[in-house]
Amino acid sequence: MDGIGIQTLDRDALPISPGELVTSLVLFVLLAHAFAVRPGLFVDQLVGGLVYGLILVLVALGLSIILGLLGVVNFAHGAFFMMGAYLTFQVLTVWGLPFWATLFVVPVVVGLVGIVIERGVLQFVYDEDPLIGLLATFGIALMIDEATRAIWGGSPLSVTTPQILDSSIGIGVTTIARMRLFSVLVSVVVIVAVYLLIERTDFGLSVRAGVLDREMAEFVGVNIPLRFVVMFFIGAAIAGLGGVLRGAELGMDLSMGNQFIILAFVVVVVGGVGSLFGSVVSGILIGEATFLTPLVLRTLSETTNVAALNVSGIGGLMPFLVMIVVLLVRPRGLFGQEGFME
Amino acid sequence: MSGDASQTESTQRLRDALADGRLEQWRVPLGLLALVVFLRPVIGHEFLLNYPPFANTILVWMLFAASFNVLLGYTGLLSFGHGMFLGFGAYGAAIGLTRFDLPFTVSAVIGLAVAAVVAYLIGRIIAQRGEIYFAMLTLAFAKAAHFIANQNYGGLTGGSTGIVGVLPSWIETERGVKYVAAGGFQFDWYYLLGAVFVLAALAIWQIARSPFGRSLVAVRENEELARAVGIDDKRYKIWSFTFSGVFAALAGVLYAINNQGSSLSTLTVETSGDIILMTVLGGANYFFGPLAGVFVWLFSEEFLIEFETLVLPLAEYPLVRIELGGLLSYWQFFLGLLFVISVLVAPREGLWGLFRSGIGGLYDRVRGVRE
Amino acid sequence: MSDTATTARSADVVLETEGLTKQFGGLTALEHVDLAVERGELHAIIGPNGAGKTTLFNTITGALDPTAGTVWFDGEDVTEMAQEKRPHRGLARSFQSNQLFADLSVLENVRIVVQTARSGRFGLDLLGNGRAKYRDAAFEYLERVGLDGERTTLAKNLSHGDQRRLGIAISLATDPSVLLLDEPTSGMGPTETQETADMIDELQQDLDLTVLLIEHDMDIVLSMSDRITVLNQGEVLATDSPGAIQENEDVQNAYLGGMREEL
Numbered sequence: 000m001d002g003i004g005i006q007t008l009d010r011d012a013l014p015i016s017p018g019e020l021v022t023s024l025v026l027f028v029l030l031a032h033a034f035a036v037r038p039g040l041f042v043d044q045l046v047g048g049l050v051y052g053l054i055l056v057l058v059a060l061g062l063s064i065i066l067g068l069l070g071v072v073n074f075a076h077g078a079f080f081m082m083g084a085y086l087t088f089q090v091l092t093v094w095g096l097p098f099w100a101t102l103f104v105v106p107v108v109v110g111l112v113g114i115v116i117e118r119g120v121l122q123f124v125y126d127e128d129p130l131i132g133l134l135a136t137f138g139i140a141l142m143i144d145e146a147t148r149a150i151w152g153g154s155p156l157s158v159t160t161p162q163i164l165d166s167s168i169g170i171g172v173t174t175i176a177r178m179r180l181f182s183v184l185v186s187v188v189v190i191v192a193v194y195l196l197i198e199r200t201d202f203g204l205s206v207r208a209g210v211l212d213r214e215m216a217e218f219v220g221v222n223i224p225l226r227f228v229v230m231f232f233i234g235a236a237i238a239g240l241g242g243v244l245r246g247a248e249l250g251m252d253l254s255m256g257n258q259f260i261i262l263a264f265v266v267v268v269v270g271g272v273g274s275l276f277g278s279v280v281s282g283i284l285i286g287e288a289t290f291l292t293p294l295v296l297r298t299l300s301e302t303t304n305v306a307a308l309n310v311s312g313i314g315g316l317m318p319f320l321v322m323i324v325v326l327l328v329r330p331r332g333l334f335g336q337e338g339f340m341e
Numbered sequence: 000m001s002g003d004a005s006q007t008e009s010t011q012r013l014r015d016a017l018a019d020g021r022l023e024q025w026r027v028p029l030g031l032l033a034l035v036v037f038l039r040p041v042i043g044h045e046f047l048l049n050y051p052p053f054a055n056t057i058l059v060w061m062l063f064a065a066s067f068n069v070l071l072g073y074t075g076l077l078s079f080g081h082g083m084f085l086g087f088g089a090y091g092a093a094i095g096l097t098r099f100d101l102p103f104t105v106s107a108v109i110g111l112a113v114a115a116v117v118a119y120l121i122g123r124i125i126a127q128r129g130e131i132y133f134a135m136l137t138l139a140f141a142k143a144a145h146f147i148a149n150q151n152y153g154g155l156t157g158g159s160t161g162i163v164g165v166l167p168s169w170i171e172t173e174r175g176v177k178y179v180a181a182g183g184f185q186f187d188w189y190y191l192l193g194a195v196f197v198l199a200a201l202a203i204w205q206i207a208r209s210p211f212g213r214s215l216v217a218v219r220e221n222e223e224l225a226r227a228v229g230i231d232d233k234r235y236k237i238w239s240f241t242f243s244g245v246f247a248a249l250a251g252v253l254y255a256i257n258n259q260g261s262s263l264s265t266l267t268v269e270t271s272g273d274i275i276l277m278t279v280l281g282g283a284n285y286f287f288g289p290l291a292g293v294f295v296w297l298f299s300e301e302f303l304i305e306f307e308t309l310v311l312p313l314a315e316y317p318l319v320r321i322e323l324g325g326l327l328s329y330w331q332f333f334l335g336l337l338f339v340i341s342v343l344v345a346p347r348e349g350l351w352g353l354f355r356s357g358i359g360g361l362y363d364r365v366r367g368v369r370e
Numbered sequence: 000m001s002d003t004a005t006t007a008r009s010a011d012v013v014l015e016t017e018g019l020t021k022q023f024g025g026l027t028a029l030e031h032v033d034l035a036v037e038r039g040e041l042h043a044i045i046g047p048n049g050a051g052k053t054t055l056f057n058t059i060t061g062a063l064d065p066t067a068g069t070v071w072f073d074g075e076d077v078t079e080m081a082q083e084k085r086p087h088r089g090l091a092r093s094f095q096s097n098q099l100f101a102d103l104s105v106l107e108n109v110r111i112v113v114q115t116a117r118s119g120r121f122g123l124d125l126l127g128n129g130r131a132k133y134r135d136a137a138f139e140y141l142e143r144v145g146l147d148g149e150r151t152t153l154a155k156n157l158s159h160g161d162q163r164r165l166g167i168a169i170s171l172a173t174d175p176s177v178l179l180l181d182e183p184t185s186g187m188g189p190t191e192t193q194e195t196a197d198m199i200d201e202l203q204q205d206l207d208l209t210v211l212l213i214e215h216d217m218d219i220v221l222s223m224s225d226r227i228t229v230l231n232q233g234e235v236l237a238t239d240s241p242g243a244i245q246e247n248e249d250v251q252n253a254y255l256g257g258m259r260e261e262l
């Protein structure tokens, strides 16, 4: 079992074949065409896709870390994300704390809930059939959903963001909301921090050793259970942070947990299980595909006068289409490794 | 001494008969018949739900659960998107009937065929991957199917409202109760539904006990060993998924008659999740486990709803009502808790396993007293 | 390369590896292993822990893809052949750890394998009672390993030694011409070990088997084997008769010496 981040960037994994070259060229022409026809909308969608993609990455990172470390697909990970969004409402609107506080309070709370779940349930399923962990976390997700409904009710909620993030910045063809730029900034900082933690610190090294050979690492004196707890905390906390960013921009509802766990898993599969770098690339790729494809098809349909090209709702289908294509062309995902979780 | 020997021999014969499934040969078909005969009077009893047609809904879900258990119980594969196939059956029947004016049976067969082809193709793409992949990718495909139906491409699926008010010409309704009217005869829809249910459940049971089904069990028990002794586990998984999908679609066809159309809810993650919860709680290890799970689940849910509506006339006491409403949401929470615990303690046993070991323990005690 | 190999392969050689190499990441588990197993012989593989013995079995049976090299079976290159096809050609193995269908009865464990051997890798046989088919044939294999009295016991409830015997019955039920046995006596006491050794001997005579054996018990290896191959750190140190292996200096230094130190 090769671990997470062991091979964060493998250039050999992506050789360019003639077919891929042609595909890239066609894609480039389509994107350029969309940009030429509607530059403002194009930039809007580009930024929207980036924000969406980075939030997907935040959820997928935790999912991927927990999967790589513990061999468990944590179905409750989407519920962590949702919990982050609802806690934003709690901290901001109910308790009246400033927005900046949510960025620290919420991830810590979600991370602590994560620890409770890891110690209370997941530690018992590590040596079991992977299905057991999946079923158990599915039950936990159901419990969190119901608890959320009981506490905050079934209707969608939203919060007001601080004034400084409320306005927009003009960049010629369009304007970009500051909240979006802020989301991008926070996401990038967190992703880089996680990368550095796993790749550049002794702690990360010992965690990776634990993934490769748990017995051996324990033998040389690494406290593996403690490291698992810490990584679980981190995974849950960054999903919670993703929930804060999403909730602050677009509000929160009970379906977001289910929706994002599916998408996050799609991101992990497309990126290749076991590769953090793959998750980052595929998250952004899927985010952009979701936001840009409708625009590309719409502009194309306007130029060619073929109305059928403008498929309604194609954006929401893109993650699944990308996944099916990737699975057919590269079954292990873009940066996947041999034998991992297979 | 010789009496001892003959007793061990007869015990061994009984064990043999249990082990090679000779007893099941009668137990399962008779059990299914008894189920259909007794379900409706029990459900309809005034002390219980007092609503006989609810037995129809239970049978549809039981067939859905039995189809799902071909995959989970007999092959050891978890699908998080099995509602998709229920939807193919329901939408297939409803679309054929309303959009193309096809006879009901033709539409139903088209629905089953679509389910079979889609299941086979999805199986081809994902069966060679690990079980975690299988679970999550079925979820992704189901989500895509839900999305497409919701978009209502070409006006086929009716978007979020689904297709409503659809019934085959040979079904008549009278004050909410459905009757089959064919060739001058008229009888309650429950009997046709019950007959289809018994036949389909028997077919599923036969698949499970056939040499094919035993190979599925080998794959479930130990995939690595199965491959090492020459079992092509991928193909067995693909075909298990296909059969499971087709029978789920058949449940969907029955659903379309029962609910007078198809609703988008068949394709939701919640439906796919419910069938997992029912199957595991009932006991995936046993043929009757998932059926028991469906019964307990739907019965309690309906019973609790009944409970709340009974209280509604007391709306002038708002405190009482709020408490009961709260109880309902907590019910789902505690259901999740019960599910987590049962998965951790005995993931394959469920209520039916508990019931059986209870019976077994009783039998042993009685025998112990006799000896 | 393959030309020389073709000429080197004699009719007597039923299983052969040529330059077989397996790497896990940076770790080399097998390094250019050449092995020739002759028809009808009992060929033992010995070597210290981590020498690559089980990896060798896994690459021969197709559970692992080799990084380089070729596996020949019955004159055919089977390197790329799917794992589940090989038992149907007559190449079978038992596992080191007890790999069984744990929740099934002893008889059913073997019966499923007989069914697979007789009806192929895949079949849509949907009629009849699966558990009744091939019962008698399966029962014969149980009698052969002395488990006929336990036929209705669940495999997971068997004693350790009986589980090993069931493992052998499972491998036999694939109807092999070459049988790979991975430490069939591990965890057994002296009496049980000797019984198992006698059983393997008997099976080999009765069923005309070629046996490739991984075994730690040196007494068993020296008394049973026709030839012995010594692996060390993924490389073949020597292949020879038991007597010659005992005399071999390299082997004494690398392996037997190491064993003495361990003791």
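Protein chains in written order, with numbering that gives the first Met the number 0: chain U, 0 to 341; chain R, 0 to 370; chain P, 0 to 262. Glycine residues also receive a C-beta, built at the ideal position from the N, C-alpha and C atoms. Model, not experiment: these values are computed from the prediction.
Asked                                                                                                                          : Found
Buried or exposed by the 16-neighbour rule on C-beta atoms within 10 Å, applied to residue 17 of chain P                       : buried
Counterpart residues of residue 75 of chain P in DSSP-defined beta bridges                                                     : P:72
Residue 261 of chain R in three-state terms, based on DSSP                                                                     : strand
Contact set between residue 257 of chain U and chain R, taken where Cβ atoms lie within less than 7 Å                          : 268
Where residue 241 of chain R falls, given that 16 or more other Cβ within 10 Å makes a residue buried                          : buried
Distance between residue 217 of chain R and residue 13 of chain P (C-alpha atoms, nearest Å)                                   : 30 Å
Beta-bridge pairing of residue 150 of chain U - partner residues as DSSP gives them                                            : BP columns for residue 150 of chain U are empty, so no partner.
Outcome for residue 106 of chain U when other beta-carbon atoms lying within 10 angstroms are tallied against a minimum of 16  : buried
Through-space distance from residue 44 of chain P to residue 233 of chain P, alpha-carbon basis                                : 12 Å
Near-chain U residues of the segment 130 to 143 of chain R (beta-carbon distance less than 8 Å), N- to C-terminal order        : 130, 131, 132, 134, 135, 136, 138, 139, 140, 142 and 143
Residues in the segment 179 to 213 of chain R having any Cβ partner in chain P nearer than 8 Å                                 : 205, 206, 208, 209, 210, 211, 212 and 213
Whole-angstrom distance between residue 21 of chain U and residue 264 of chain U, CA atom to CA atom                           : 29 Å
CA nearest to the CA of residue 165 of chain P, picked from P:135, P:60, P:93 and P:121                                        : P:93
Residue closest to residue 11 of chain P, alpha-carbon to alpha-carbon, out of P:40, P:194 and P:87                            : P:40
7 Å Cβ cutoff, residue 340 of chain U in contact with chain R                                                                  : Model confidence at residue 340 of chain U stands at a pLDDT of 42, short of 50, so the residue's coordinates are unreliable and nothing is read from them.
Inter-stretch contact at 8 Å, needing at least 3 Cβ pairs: the segment 83 to 90 of chain U / the segment 111 to 123 of chain U : no
Supposed contact pair residue 134 of chain R and residue 66 of chain R - C-beta distance, whole angstroms, cut 8 Å             : About 17 Å separates the two Cβ atoms, so there is no contact after all.
Beta carbon of residue 129 of chain R nearer than 7 Å to that of residue 128 of chain P                                        : no
Short CB-CB distance (under 7 Å) between residue 145 of chain U and chain R                                                    : yes
Residue 236 of chain P, DSSP secondary structure in three states                                                               : strand
Pair within 7 Å by beta-carbon distance, residue 144 of chain P and residue 178 of chain P                                     : no
Residue-level contact to chain R via CB, residue 37 of chain U, 7 Å cutoff                                                     : no
Beta-carbon proximity of residue 135 of chain U to residue 342 of chain R, cut-off 7 Å                                         : yes
Buried or exposed (CB count within 10 angstroms, at least 16 for buried), residue 33 of chain U                                : buried
The segment 142 to 156 of chain P in contact with the segment 175 to 191 of chain P per 3-pair CB rule at 8 Å                  : no
Between the CA atoms of residue 40 of chain U and residue 293 of chain U - distance to the nearest angstrom                    : 11 Å
7 Å Cβ cutoff, residue 68 of chain R in contact with chain P                                                                   : no
Own chain residues within Cβ distance below 8 Å of residue 233 of chain U, not counting five before or after                   : 61, 64, 110, 193 and 196
Burial state of residue 142 of chain R, where buried means 16 or more other Cβ atoms lie within 10 Å                           : buried
Residue-chain proximity (residue 72 of chain U, chain R), Cβ-Cβ < 7 Å                                                          : yes
Coarse secondary structure for residue 140 of chain P, derived from DSSP in three states                                       : helix
Assigned secondary structure, residue 254 of chain R (DSSP; H/G/I helix, E/B strand, else coil)                                : helix
Limits of the alpha helix (DSSP H) - the one that residue 161 of chain P falls within                                          : 159 to 172
Extent of the continuous beta strand (DSSP E) run through residue 91 of chain P                                                : 90 to 92
Positions along the segment 108 to 132 of chain U whose CB lies within less than 9 Å of some CB in chain R                     : 120, 123, 124, 127, 128, 129, 130, 131 and 132
Separation of residue 337 of chain R from residue 98 of chain U, as counted between CA atoms                                   : 37 Å
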